[in-house]
């Protein structure tokens, strides 16, 4: 059911990338990490537009730093100012941007599948998915994979446990698709009320303690507290006790295993507060790596696909 | 009644430009279209501020691309962040900006006549009107004129039909004033409830079908649906049937005639959806041209008037 | 009670700067005023983030101009887009920014004392206070001091009268602390209901007319009308008559004395409208000077303290 179409420049989601493309992106990210200043004059006079229709500090800022490190000019459209308030269709907005000279549009929005439909209509610029409803978040998955590779090398031999609100997590989806290309074993865990039958067709569901004991990478998902109008779980403390990474569960982890989280952390919910900056935590390293990975993704978008 | 005062640098509206000034602006726009990269280092260290007190994607972004193509530094103030919420007068805001080093302020707001009053008080920087209530939208008129000139050469021999909500259209006003300088024949059309007696002192009103048959340029206006708290017309479908450019009306156009629209289009209201990207449509070309025209306008503002 | 700890790079408030540091900052500001273009390539590829959780036109824009004159890349986070809406702690936001490569965070917010606590936890970047609740506004005090020094030379021999809403004025606090380092005589005045006992431990309270007659510098405070849900004073006209700088009170000022105001002015409240641009007013010069002072502050932040 997962499409295998290879994009040329667009980054719709990790299910559309093949393993070779992912490796090329990660290798290029490694280049940028080693040469953070090298891009400053490379893509000058290229315009990128960031369209964030949902709030996001870290993703938006991370993309902007990546764009500016590549020398690009950055335009911002957000929910307040975009002329979607005038009923303009999103396609027309993209066509407008491309008419004005924009080469890459980085988009975060709620409507799962919208970017794929837009890419099919060819709006005249490359699209980069910066988080799409409950659908996917491919640059998060790529930066996670990059971080895993830096910790352990080839992700193929590893077990990654993805723990938390599986049903509403775009991060879980994109990570699962990306990790599958490398043959990584993926374990899913989390509250019964947040399980996702589609994800479980592709990965095994285990109890929280089993998931933590078997993992090389403990990937805690953010509980999207702001999305749950009705409580799916009875309180923050209860969630932490039953499905959070507590100080006690830290001791069950394998001695070499690491903690990841896409951020922002709900301290005391998914993670004990003292674990955020624990030596085993890779959380702020993930954020650093996000810039290098997004530089690679933006470059690919400008070039219309690296192998184009 | 139209003032003939020549501004030096300010762009308040097209009625204050003479024909020679307009031609100089359009010629300079043509230069920028041919040499889009030539401005990149020309106005470095010049600060422009964009003050948008009404939402607008395309105009704001178009100005920003123009500014950045000229190498300018761009500051943003919008309705949310501007200290008008603290009751500061608009004049004091402009004086503050000029004290801080800003040379050009691009302003969109609701208050017709405000910019002219500010220019008279000399706030220490040049003002560019980016759309003023129902008053005027001079850079839109200039980019329309530029597009017309690229299609047909001298606009003097042409007939331009402006069709739609004449009463609330700043685009209609600024276009009429600009076209009059070239002796263009302007036809007005639209619903009875949206007619404007002041505009009709200066141009002839015709039925929609006559307006479309006689035009070299069919210029459809956006119905400002969001401004009409009470329906001025009974529904979108009825508007489209009676005053929209339907596929049927397309066949009544002269074989060489073109379609224009300032955007964003209400698809299915002013224009049949399939006409937005029709070979006769110049809509996305208008948007491209907006950047070149605004580069010329901004340059004129920095230089304090081209002939200064 | 005032701490004397010397920051290295952070600018928390003027009470933490010693006289020598202040003089160095003002001297460096004078350099930037004379050489406004000299910084354009000095701090290229350095990222600054502006976090404004309260609206502010002039401070935000002034910092941004200063940053761009230094060649810095500028990121914006404001109340709307920051992921504080997701419950992320402010510390984690700062750590995220530093992970992404940000070197300086300029912060305006409501929570007095927050920045000092953050600086103590060492978030990996330098913090600059751009206005903190009713607590302090150190760059305003520094630009005021710079303006005073340009008018009169050494501030030590002078009398500065700070007049208005002392209780809610961060400007009064930071100015008092800064002026004390130079031995300046500070007079406080304003409505009984707006007096501040803590400030009066450190400076003398006088009647409005005495304050105006004795001053070399008449520093009018903004009445934070928007903060007073209940009227602390019976109307704008009454305030102007009793505690404003009226045209009549102007005549009581010493012949060499100058008028200052942090802006934005409530015209007709703190100041008669005709005094805003009066020859004795330094109000727009204060704004100009703000850019040079903030360049010096940002430079110090990047260098981790000028003497570090």
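Protein chains in written order, with our numbering: chain A, -15 to 292; chain B, -15 to 292; chain C, -15 to 292.
Ideal Cβ placement from N, Cα and C applies to all residues, glycine included.
The structure displayed is predicted, hence computed values, not measured ones.
1. Could you check the C-alpha separation between residue 9 of chain B and residue 90 of chain B for me, to the nearest Å?
2. Touch check for the segment 165 to 173 of chain A and the segment 271 to 282 of chain A: three-plus C-beta pairs under 8 Å?
3. With 16 as the cutoff for other CB atoms within 10 Å, does residue 41 of chain C come out buried or exposed?
4. If you draw a straight line from the C-alpha of residue 179 of chain C to the C-alpha of residue 157 of chain C, how long is it?
5. Taking Cβ to Cβ, would you say residue -3 of chain B is nearer than 9 Å to residue 116 of chain B?
6. Verify the CB distance criterion: does residue 21 of chain A have a CB-CB separation below 9 Å to chain C?
7. Output, in chain order, the set of chain C residues within a Cβ distance shorter than 9 Å of residue 243 of chain B.
8. Name the chain A residues whose beta carbon is nearer than 7 Å to that of residue 271 of chain B?
9. Closer than 9 Å, CB to CB, is residue 47 of chain C near chain A or not?
10. How many Å lie between residue 105 of chain A and residue 78 of chain A at the Cα?
11. Quick one: which chain B residues come within Cβ less than 9 Å of residue 57 of chain A?
12. Can you tell me the Cα-Cα spacing of residue 65 of chain A and residue 36 of chain B, whole angstroms?
13. Residues of the segment 272 to 284 of chain A with a CB closer than 8 Å to any CB of chain C: list them in chain order, please.
14. Output needed in chain order: residues of the segment 181 to 205 of chain C with a Cβ under 8 Å from some Cβ in chain A.
15. Leaving aside the five residues before and after residue 100 of chain B along the sequence, list all residues of the same chain whose C-beta is less than 6 Å from its C-beta, in chain order.
16. Which term fits residue 374 of chain A, buried or exposed, when burial requires 16 or more other beta carbons within 10 angstroms of its beta carbon?
17. What residue does the alpha helix (DSSP H) around residue 273 of chain A start on, and which one ends it?
18. Are the C-beta atoms of residue 154 of chain A and some chain C residue less than 9 Å apart?
19. For the beta strand (DSSP E) containing residue 62 of chain A, list its first residue and its last residue.
20. Taking the alpha carbon of residue 93 of chain B as the point to measure from, which residue in B:-8, B:121, B:188 and B:80 has its own alpha carbon closest?
21. Near residue 230 of chain C, what residues of its chain come up, given a Cβ to Cβ distance below 6 Å and the 5 sequence neighbours on each side ignored?
22. Quick one, which of B:59, B:130, B:195 and B:166 has its alpha-carbon nearest residue 84 of chain B's?
23. Confirm, please, whether the CB-CB distance from residue 44 of chain C to residue 114 of chain C is below 9 Å.
24. Would you kindly work out how many angstroms separate the C-alpha atoms of residue 287 of chain C and residue -8 of chain C, rounded to a whole number?
25. Measure from the alpha carbon of residue 238 of chain B to the alpha carbon of each residue in B:55, B:273 and B:264, then state which is nearest.
26. Nearest-angstrom Cα distance between residue 168 of chain B and residue 144 of chain B?
27. Is there a C-beta anywhere in chain A that falls below 9 Å from the one on residue -14 of chain B?
28. Please list, in chain order, the chain B residues whose beta carbon lies closer than 7 Å to that of residue 29 of chain A.
29. For a cutoff of 9 Å on Cβ pairs, would you count residue 128 of chain A as touching chain B?
30. Quick one, are the C-beta atoms of residue 249 of chain A and residue 260 of chain A less than 9 Å apart?
31. Could you check what DSSP says for residue 71 of chain B in three-state terms: helix, strand or coil?
32. Terminal residues of the continuous alpha helix (DSSP H) containing residue 182 of chain B?
33. Considering only C-alpha positions, which residue in the set A:150, A:38, A:192 and A:127 is nearest to residue 95 of chain A?
34. For residue 221 of chain A, name the three-state secondary structure that DSSP assigns.
35. What does DSSP give as the partner residue(s) for residue 293 of chain C in the beta ladder?
36. Using a cut-off of 9 Å between C-beta atoms, extract the partners of residue 263 of chain C located in chain B.
Here's the rundown:
1. Along the second chain, one-based indexing puts residue 9 of chain B at 25. Along the second chain, one-based indexing puts residue 90 of chain B at 106. Whole-angstrom Cα-Cα distance: 17 Å.
2. no
3. Taking the first residue of the third chain as position 1, residue 41 of chain C is located at position 57. Flag for residue 41 of chain C reads buried.
4. What you label residue 179 of chain C is simply residue 195 of the third chain in a count that begins at 1. What you label residue 157 of chain C is simply residue 173 of the third chain in a count that begins at 1. Residue 179 of chain C and residue 157 of chain C: Cα-Cα distance of roughly 12 Å.
5. Working through the second chain from its first residue, we reach residue -3 of chain B at position 13. Working through the second chain from its first residue, we reach residue 116 of chain B at position 132. In this structure, residue 116 of chain B lies closer than 9 Å to residue -3 of chain B by Cβ.
6. For the purposes of this step, residue 21 of chain A is identified with residue 37 of the first chain, where counting begins at 1. True, the Cβ-Cβ gap to chain C drops below 9 Å.
7. Taking the first residue of the second chain as position 1, residue 243 of chain B is located at position 259. What residue 243 of chain B touches in chain C: nothing, since even the nearest Cβ is about 38 Å away.
8. As a working note, residue 271 of chain B is residue 287 in the second chain. Simply 80, 83 and 84.
9. For this step, residue 47 of chain C is matched to residue 63 along the third chain. Not an interface residue.
10. Taking the first chain and counting its residues from 1, one reaches residue 105 of chain A at position 121. Taking the first chain and counting its residues from 1, one reaches residue 78 of chain A at position 94. Their Cα atoms are separated by approximately 11 Å.
11. On the first chain, position 73 is the one that residue 57 of chain A refers to. Here the neighbours are 48, 49, 52 and 53.
12. Here residue 65 of chain A refers to the residue found at position 81 when the first chain is read from its first residue. Here residue 36 of chain B refers to the residue found at position 52 when the second chain is read from its first residue. Confidence at residue 65 of chain A is low in this model, with a pLDDT of 45, below 50, so its placement is unreliable and no value can be given for it.
13. 272, 274 and 275
14. none
15. Working through the second chain from its first residue, we reach residue 100 of chain B at position 116. These residues qualify, in order along the chain: -4.
16. Because chain A in this structure spans residues -15 to 292, residue 374 of chain A falls outside the shown range and cannot be described.
17. If you number the first chain from 1, residue 273 of chain A lands on position 289. That run of the alpha helix (DSSP H) goes 267 to 286.
18. Taking the first chain and counting its residues from 1, the one referred to as residue 154 of chain A is at position 170. No, residue 154 of chain A does not count as interfacial toward chain C.
19. On the first chain, residue 62 of chain A is found 78 positions in, with the first residue counted as 1. 57 to 62 is the extent of the beta strand (DSSP E) around residue 62 of chain A.
20. Position 109 of the second chain, counted from the start, is the residue given in the question as residue 93 of chain B. The candidate whose alpha carbon is nearest that of residue 93 of chain B is B:121.
21. On the third chain, residue 230 of chain C is found 246 positions in, with the first residue counted as 1. Cβ within range, chain order: 256.
22. Locating residue 84 of chain B in the second chain gives position 100, where the first residue counts as 1. Among B:59, B:130, B:195 and B:166, the Cα nearest to that of residue 84 of chain B is on B:59.
23. The residue labelled residue 114 of chain C in the question sits at position 130 within the third chain. The residue labelled residue 44 of chain C in the question sits at position 60 within the third chain. In this structure, residue 44 of chain C lies closer than 9 Å to residue 114 of chain C by Cβ.
24. Start at 1 with the first residue of the third chain, and residue 287 of chain C comes out as number 303. Start at 1 with the first residue of the third chain, and residue -8 of chain C comes out as number 8. The alpha-carbon atoms of residue 287 of chain C and residue -8 of chain C are separated by roughly 9 Å.
25. What you label residue 238 of chain B is simply residue 254 of the second chain in a count that begins at 1. The shortest Cα separation from residue 238 of chain B among B:55, B:273 and B:264 belongs to B:264.
26. Taking the first residue of the second chain as 1, we reach residue 168 of chain B at position 184. Taking the first residue of the second chain as 1, we reach residue 144 of chain B at position 160. Cα to Cα, residue 168 of chain B sits roughly 7 Å from residue 144 of chain B.
27. Position 2 of the second chain holds residue -14 of chain B. Confidence is the limiting factor: at residue -14 of chain B the pLDDT is only 36, short of 50, which leaves the residue's position unreliable, though a coordinate-based value still follows. False, the Cβ-Cβ gap to chain A never drops below 9 Å.
28. Along the first chain, one-based indexing puts residue 29 of chain A at 45. Those within 7 Å of residue 29 of chain A in chain B are 21 and 24.
29. Locating residue 128 of chain A in the first chain gives position 144, counting from the first residue. No, because no Cβ of chain B sits closer than 9 Å to the Cβ of residue 128 of chain A.
30. The count along the first chain starts at 1 and reaches residue 249 of chain A at position 265. The count along the first chain starts at 1 and reaches residue 260 of chain A at position 276. The answer is yes: Cβ separation under 9 Å.
31. Position 87 of the second chain holds residue 71 of chain B. Confidence at residue 71 of chain B is low in this model, with a pLDDT of 43, below 50, so the placement of that residue is unreliable and no value is reported for it.
32. Counted from its first residue, the second chain places residue 182 of chain B at position 198. Counting along the chain, the alpha helix (DSSP H) containing residue 182 of chain B begins and ends at 181 to 184.
33. Counting from 1 along the first chain, the entry for residue 95 of chain A is found at position 111. The candidate whose alpha carbon is nearest that of residue 95 of chain A is A:38.
34. To locate residue 221 of chain A, count along the first chain from 1; it is residue 237. Helix.
35. Summary: the structure shown does not reach residue 293 of chain C, with chain C confined to residues -15 through 292, and so no result is reported for it.
36. Within the third chain, residue 263 of chain C is the residue found at index 279, counting from 1. Simply none; closest approach about 15 Å.
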